[in-house]
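Visitor: One gets the numbering used here by counting positions in the sequence shown from 1 and adding 1 to each.
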Amino acid sequence: MRINVLQHTPNEGPGAIQSWAHDHGHDMYIYHPYQFGNLPTAKETALLVILGGPMSPNDDDEWIGRERVLIKHLLAAHKPIFGACYGAQQIAKTCGAAIKKAPHKEVGWAPVYLKSPAISHLPQQLTALHWHEEMFDIPAGAQLLFSSDLVQNQGFLLNGNVIGLQFHFEPEADNVREIAINDNHYPADHNDLHQTATEIIKHGVPAENKGVMYQLLDFITNNQN
Numbered sequence: 002m003r004i005n006v007l008q009h010t011p012n013e014g015p016g017a018i019q020s021w022a023h024d025h026g027h028d029m030y031i032y033h034p035y036q037f038g039n040l041p042t043a044k045e046t047a048l049l050v051i052l053g054g055p056m057s058p059n060d061d062d063e064w065i066g067r068e069r070v071l072i073k074h075l076l077a078a079h080k081p082i083f084g085a086c087y088g089a090q091q092i093a094k095t096c097g098a099a100i101k102k103a104p105h106k107e108v109g110w111a112p113v114y115l116k117s118p119a120i121s122h123l124p125q126q127l128t129a130l131h132w133h134e135e136m137f138d139i140p141a142g143a144q145l146l147f148s149s150d151l152v153q154n155q156g157f158l159l160n161g162n163v164i165g166l167q168f169h170f171e172p173e174a175d176n177v178r179e180i181a182i183n184d185n186h187y188p189a190d191h192n193d194l195h196q197t198a199t200e201i202i203k204h205g206v207p208a209e210n211k212g213v214m215y216q217l218l219d220f221i222t223n224n225q226n
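1. So, are the CB atoms of Val-206 and Ala-174 less than 7 Å apart?
2. With DSSP as the reference, label Glu-68 as helix, strand or coil.
3. By Cβ distance, which residues of its chain are closer than 6 Å to Leu-123, with the 5 residues on each side in sequence left out?
4. Going along the chain, which residues of its own chain have a beta-carbon closer than 7 Å to the beta-carbon of Leu-130, five neighbours each way excluded?
5. Output the distance between the C-alpha atoms of Tyr-187 and Ala-77, rounded to the nearest integer angstrom.
6. Should Ala-93 and Gly-53 be called a contact, given that it needs their Cβ atoms to be closer than 7 Å?
7. Who pairs with Pro-112 in a beta bridge, going by DSSP?
8. When you compare the CB positions of Leu-158 and Ala-119, do they come within less than 7 Å of one another, or not?
9. Please classify Val-50 as buried or exposed, where buried requires at least 16 other C-beta atoms within 10 Å of its C-beta.
10. Return the CA-CA distance between Val-163 and Ile-31, expressed in angstroms with no decimal places.
11. Between the Cα of Leu-7 and those of Asn-39, Trp-21, Ala-17, spot the shortest distance and give me the residue it belongs to.
12. Would the segment 87-102 and the segment 53-70 be scored as touching if the rule is three or more Cβ pairs under 8 Å?
13. Just the C-alpha distance for Pro-112 and Gly-156, rounded to the nearest angstrom, thanks.
14. When the Cα atoms are used, what is the spatial distance from Asp-24 to Gly-161?
15. Near Trp-21, which residues of its chain fall below 7 Å by C-beta distance, leaving aside the five closest residues on each side in sequence?
16. What is the DSSP secondary structure of Asn-5, reduced to helix, strand or coil?
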């Protein structure tokens, strides 16, 4: 299976998603549209992964609009899509949902709570990495999948094979360090989780997060027909 990944900043890579791809024998292609402008076609995409980034779906960059065209084609073809943070917002906006300022800026580790039984054997509560101040409305026809204490709309499941998460399950320990040291000013500015970059690194990645990331990817790729 060809997995096409859209990466939007150097310090937010696929993390455990890449491990999942390797463990399953899939081929991964990583695109950097913010830098090079290149995007895959829907035809050559078996699974699309849309990662986070500092931009907003409400920005008017030409490549951001082209990403949504790609998402629209994949939705029409009923191909699986996973989006994290900005990526989830891009999916939601493609589906006509609003992207707006969240009631709280969340940067750091905080619990999220499962809100739907659609995916079996997920824990009722997990600790995820948050790195955002915008949020999505839940797209029409989608289920609310996760909420946090500060922001209700933290995840959605659409059509059985599309998942968008406002937070991050994909980073492993090296990835968290990379995110925090390069974007260390972001947690310090009006952060409602009140965590510093140093504290975020010291927290460590919960052991179950990688397994949950695998579960989510298994679910959407097994429900694509």
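Just so it is clear, CB atoms sit at the ideal spot from N, CA and C, and this is done for glycine as well.
Guide: So, from the data block:
1. yes
2. helix
3. Leu-115
4. Trp-110, Phe-168, His-169, Pro-172, Val-177
5. 37 Å
6. no
7. Thr-128
8. yes
9. buried
10. 19 Å
11. Asn-39
12. yes
13. 13 Å
14. 23 Å
15. Met-214, Tyr-215, Leu-218
16. strand
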